[in-house]
Amino acid sequence: MFFNVEGANKKSEIKQQYDIVIIGGGPAGISAAIYALQGGASALVIEKAIEGGQMNLTDIIENYPGFKTVKGEELSSLMKEHAEHFGADFYDGKVIELIDGLTADKDEGSNKMVVMENGKTIKSKAIIIASGSNPRKLEVKGEEEFSSRGVSYCASCDGHFFKNKKVAVVGGGNTAVEEAVYLSNIAKEVYIIHRRDKLRADKLYQDRAFSRKNIKFKWSSVVEEIKGKDKVESLVIKNLKNGEVYEEPFDGVFVFVGLVPETSFLNADLFDFDEYGFLITDENMETNIKGIYAAGDIRHKEIRQIVTAVSDGAIAASHAIREYINEDQISSTESINLTK
Numbered sequence: 001m002f003f004n005v006e007g008a009n010k011k012s013e014i015k016q017q018y019d020i021v022i023i024g025g026g027p028a029g030i031s032a033a034i035y036a037l038q039g040g041a042s043a044l045v046i047e048k049a050i051e052g053g054q055m056n057l058t059d060i061i062e063n064y065p066g067f068k069t070v071k072g073e074e075l076s077s078l079m080k081e082h083a084e085h086f087g088a089d090f091y092d093g094k095v096i097e098l099i100d101g102l103t104a105d106k107d108e109g110s111n112k113m114v115v116m117e118n119g120k121t122i123k124s125k126a127i128i129i130a131s132g133s134n135p136r137k138l139e140v141k142g143e144e145e146f147s148s149r150g151v152s153y154c155a156s157c158d159g160h161f162f163k164n165k166k167v168a169v170v171g172g173g174n175t176a177v178e179e180a181v182y183l184s185n186i187a188k189e190v191y192i193i194h195r196r197d198k199l200r201a202d203k204l205y206q207d208r209a210f211s212r213k214n215i216k217f218k219w220s221s222v223v224e225e226i227k228g229k230d231k232v233e234s235l236v237i238k239n240l241k242n243g244e245v246y247e248e249p250f251d252g253v254f255v256f257v258g259l260v261p262e263t264s265f266l267n268a269d270l271f272d273f274d275e276y277g278f279l280i281t282d283e284n285m286e287t288n289i290k291g292i293y294a295a296g297d298i299r300h301k302e303i304r305q306i307v308t309a310v311s312d313g314a315i316a317a318s319h320a321i322r323e324y325i326n327e328d329q330i331s332s333t334e335s336i337n338l339t340k
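In full-length UniProt numbering, the protein residues as written are 1 to 340.
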């Protein structure tokens, strides 16, 4: 039996059962699909937005092997084409529930189920959670009110709105500094607001930022409020060293202060998470629930980069094939809802 699927660049039909269902179409998910298919398993990639994940929000990528420079959207497209070449199916939709421990058909060996927001269900032998993360918000007054009206989390998406204007970039890591450099080609002035007295970004990005005459810095400072009428007009900033609080005019603010894992569809009582909400796995990317893996930004790890996400996906798929696809090792007969 097949479902009809709507959406651009998606399969018009998907099966009700796959060896491996992958939640998330970023680099981890796409890599997992490629390795699953090369290993002889069937694979479905479920993505609620656009394949490529956070890569699509990156203007230029310079640290992915084989590409001196490549646009994020281009690399996303190439990865998806690669997976489709091996026969991956892509489904446009939102996962709301995972079920583990279904009574497995001896011939099918599938004891897990993914439930979609539209009510459709897909069975599998293994699940790889690669749903990624979302930009962390400042959680200050005015942030929600002026979202898309001067508050942005994507410079390559919204930077063109601020040509010859004054903008702030909040954060001090690689993403913040990279995006500040990107914005310096568009905006008249770019202020990096960072709570520490030095940047955390790699030296390459720091050197670029320091070399731009229109990039300035507000050290040991935080944004306390975003103000305006119909759009962002000013920021209330606090200096953490001397306690000074002042208001300064800005036309826009770009926020890059970290990531929040997309685990809203998971049951926090059943999975092991770290203190920040990232899934804990073993070296094979397997969570504490057998046959369910985590790969990419959603996983507890030291470095979150495209290349590490791709590695996670490859390891997860390879282990799933070895342990649950080829051997059909189904250990549980009790159905457990893995969703909140």
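Ideal Cβ placement from N, Cα and C applies to all residues, glycine included. Please read these numbers as outputs of a predicted model, since none were measured by experiment.
Span separating the alpha-carbon of residue i from that of residue j
| i | j | result |
| --- | --- | --- |
| Asn164 | Lys229 | 21 Å |
| Ala126 | Glu47 | 17 Å |
| Phe278 | His194 | 24 Å |
| Ala201 | Ala268 | 32 Å |
| Lys203 | Arg136 | 24 Å |
| Ile50 | Val115 | 19 Å |
| Thr58 | Glu178 | 9 Å |
| Glu74 | Ala309 | 17 Å |
| Glu323 | Gly313 | 15 Å |
| Gly39 | Ala320 | 10 Å |
| Val167 | Ser77 | 30 Å |
| Ile215 | Asp207 | 12 Å |
Pick from the options that is closest to residue i, judged by C-alpha positions
| i | options | result |
| --- | --- | --- |
| Asn185 | Lys203, Gly159, Ser124, Asp197 | Gly159 |
| Ser311 | Gly296, Asn56, Tyr324 | Gly296 |
| Lys213 | Leu199, Lys241, Ala180, Ser234 | Ala180 |
| Val190 | Thr175, Ala201, Lys218 | Lys218 |
| Val140 | Val253, Ala314, Ala268 | Val253 |
| Ile289 | Leu270, Ile306, Asp274, Arg299 | Leu270 |
| Asn326 | Gly24, Gly25, Ser42 | Ser42 |
| Ile306 | Asn56, Ile22, Ala36 | Asn56 |
| His85 | Ile30, Gln54, Glu144, Gly171 | Ile30 |
| residue 347 | Gly243, Arg149, Val170, Tyr276 | The structure shown has nothing for residue 347, since the chain only spans 1 to 340. |
| Gly258 | Asp92, Glu323, Gly171, Ala320 | Gly171 |
| Glu302 | Ala176, Tyr276, Gly26 | Tyr276 |
| Gly142 | Thr308, Ser264, Val236, Asp272 | Val236 |
| Phe90 | Phe265, Ile96, His82 | His82 |
| Gly72 | Leu37, Pro27, Ala32, Ile215 | Pro27 |
| Glu283 | Asp274, Val260, Arg304, Ile315 | Ile315 |
| Met113 | Asp92, Val167, Leu98 | Leu98 |
| Lys120 | Asp92, Asn111, Ala155, Ser110 | Asp92 |
| Met79 | Ala155, Ala32, Asn118, Ser156 | Ala32 |
Under 8 Å between C-beta atoms of residue i and residue j
| i | j | result |
| --- | --- | --- |
| Ile292 | Asp100 | yes |
| residue 353 | Tyr35 | Outside the displayed range of the chain (1 to 340) lies residue 353, so it cannot be described from this structure. |
| Glu262 | Ser147 | no |
| Gln17 | Lys94 | no |
| Ile298 | Ile192 | no |
| Ile22 | Phe265 | no |
| Ala88 | Leu37 | yes |
| Gly24 | Gly52 | no |
| Val45 | Ser133 | no |
For residue i, three-class secondary structure by DSSP
| i | result |
| --- | --- |
| Met285 | coil |
| Arg299 | strand |
| Leu138 | coil |
| Ile280 | coil |
| Gln305 | coil |
| Asp207 | helix |
| residue 342 | This structure leaves residue 342 out entirely; the chain is present only between 1 and 340. |
| Lys68 | coil |
| Leu235 | strand |
Own chain partners of residue i with C-beta closer than 8 Å, once the 5 adjacent residues on each side are dropped
| i | result |
| --- | --- |
| Thr69 | Ile60, Ile61, Glu62 |
| Ser220 | His194, Arg195, Arg196, Asp197, Asn239, Leu240, Lys241 |
| Phe162 | Leu183, Ile186, Ala187, Asp251, Gly252 |
| Asp272 | Leu279, Ile280, Thr287, Asn288 |
| Phe67 | Ile61, Leu75 |
| Phe256 | Pro135, Tyr153, Val169, Val170, Gly171, Gly173, Thr175, Ala176, Glu179 |
Neighbourhood of residue i by C-beta, 6 Å cutoff - its chain only, sequence neighbours within 5 removed
| i | result |
| --- | --- |
| Glu286 | Tyr293 |
| Val222 | Arg195, Lys238 |
| Asp107 | Confidence is the limiting factor: at Asp107 the pLDDT is only 46, short of 50, which leaves the residue's position unreliable and the question unanswerable from this model. |
| Asp105 | Reliability fails at Asp105, whose pLDDT of 48 lies under 50, so the model's placement of it is uncertain and no value is given. |
| residue 342 | Beyond the ends of the chain as shown, which are 1 and 340, falls residue 342; an answer cannot be given. |
| His300 | Asp274, Phe278, Ile280 |
Sequence-distant residues of the same chain with beta carbon closer than 7 Å to residue i, five excluded per side
| i | result |
| --- | --- |
| Val232 | Phe146, Arg149, Gly150, Val151, Ile226, Phe250, Asp251, Gly252, Val253 |
| Glu248 | Ser234, Leu235, Ile237 |
| Asn118 | Gly93 |
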